[in-house]
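Visitor: The numbering of the sequence shown is this note's numbering, which starts it at 28 and goes up by one. Ideal placement from N, C-alpha and C gives every residue a C-beta, glycine not left out. Computed from a prediction, not measured in an experiment: that's the story for all the values here. Structure below; questions to follow.
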Amino acid sequence: MANKEYTYAIGRRKETTAVVKLFGNGGGNFTIKTSNGSQKPLADYFGGNIYLLEAALSPLNTLGVDYLKKFDAEIVVSGGGISGQADAIKLGFARALIEWNPDLRLTLKPYGLLKRDPRIKERKKPGLKKARKGPTRSKR
Numbered sequence: 028m029a030n031k032e033y034t035y036a037i038g039r040r041k042e043t044t045a046v047v048k049l050f051g052n053g054g055g056n057f058t059i060k061t062s063n064g065s066q067k068p069l070a071d072y073f074g075g076n077i078y079l080l081e082a083a084l085s086p087l088n089t090l091g092v093d094y095l096k097k098f099d100a101e102i103v104v105s106g107g108g109i110s111g112q113a114d115a116i117k118l119g120f121a122r123a124l125i126e127w128n129p130d131l132r133l134t135l136k137p138y139g140l141l142k143r144d145p146r147i148k149e150r151k152k153p154g155l156k157k158a159r160k161g162p163t164r165s166k167r
């Protein structure tokens, strides 16, 4: 896959970053590389969790089943947990499809697939144990 032409996009969610390289004229092979260097198929990466796999592939499923067989993808993911990684991959797929064909924007936008979820961890405040948890107070 190294010498083929591709479009790529970056998706983010919480502490996760996913770089999605979308290769045209593929056969539906989606491989994922993690930060420790391991590489495996996307279905195996989520460990049989169908919900997360469907969430990650939802931009392609929204466009139709034929889009799943139309592309190959190489995904590099780093940081965060498995749920945040699935959402980051979803945004990366949607943005890469828009880069590949800008006309698909009108199809993907009503489903909210082009929005980046802005929720991140709240910072710790001085005098508190965590963001909102205060120290225990003695009643006597």
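Taking contact to mean 3 or more Cβ pairs, one atom from each stretch, closer than 8 Å, check whether the region 90-97 and the region 33-50 are in contact.
Guide: Segments in contact, no.
Visitor: Take M28 and list the residues in its own chain whose beta-carbon comes closer than 7 Å to its own, dropping the five residues that flank it on each side.
Guide: Low local confidence applies: a pLDDT of 47 at M28 is under 50, so the model's placement there is unreliable, and no value is given.
Visitor: Spatial neighbours of G55 within its chain, please: C-beta separation below 6 Å, excluding the five flanking residues on both sides.
Guide: Answer for G55: L95 and K96, listed in chain order.
Visitor: May I ask which residues mark the beginning and end of the alpha helix (DSSP H) holding F120?
Guide: I109 to W127 is the extent of the alpha helix (DSSP H) around F120.
Visitor: What are the boundary residues of the alpha helix (DSSP H) that L49 is part of?
Guide: Not the alpha helix (DSSP H): L49 falls in the beta strand (DSSP E), residues T43 to F50.
Visitor: Which residue comes first and which comes last in the alpha helix (DSSP H) that contains A83?
Guide: Run containing A83: I77 to A83, per the alpha helix (DSSP H) assignment.
Visitor: Which residues does DSSP list as the beta-bridge partners of F57?
Guide: In the DSSP output, where bridge partners are listed per residue, F57 has A100.
Visitor: Would you mind stating whether R122 and A45 have Cβ atoms separated by less than 7 Å?
Guide: No, these two residues do not count as a Cβ contact at 7 Å.
Visitor: Which residues does DSSP pair with P68 in a beta bridge?
Guide: Note: P68 sits in a beta bridge opposite T58.
Visitor: With DSSP as the reference, please indicate the residues paired to R4 in a beta bridge.
Guide: Here the chain comprises residues numbered 28 to 167, so residue 4 is not present and cannot be evaluated.
Visitor: Name the one or two DSSP bridge partners that T34 has.
Guide: BP columns for T34 point to L49.
Visitor: Please report the distance separating the alpha-carbon of A10 from that of G154.
Guide: Beyond the ends of the chain as shown, which are 28 and 167, falls residue 10; an answer cannot be given.
Visitor: Please classify P162: is it buried, with 16 or more other beta-carbons within 10 angstroms of its beta-carbon, or exposed?
Guide: Answer is exposed; the Cβ neighbour count stays below 16.
Visitor: Between K157 and K151, what straight-line distance do the alpha-carbon atoms span, to the nearest angstrom?
Guide: Approximately 5 Å between the Cα atoms of the pair.
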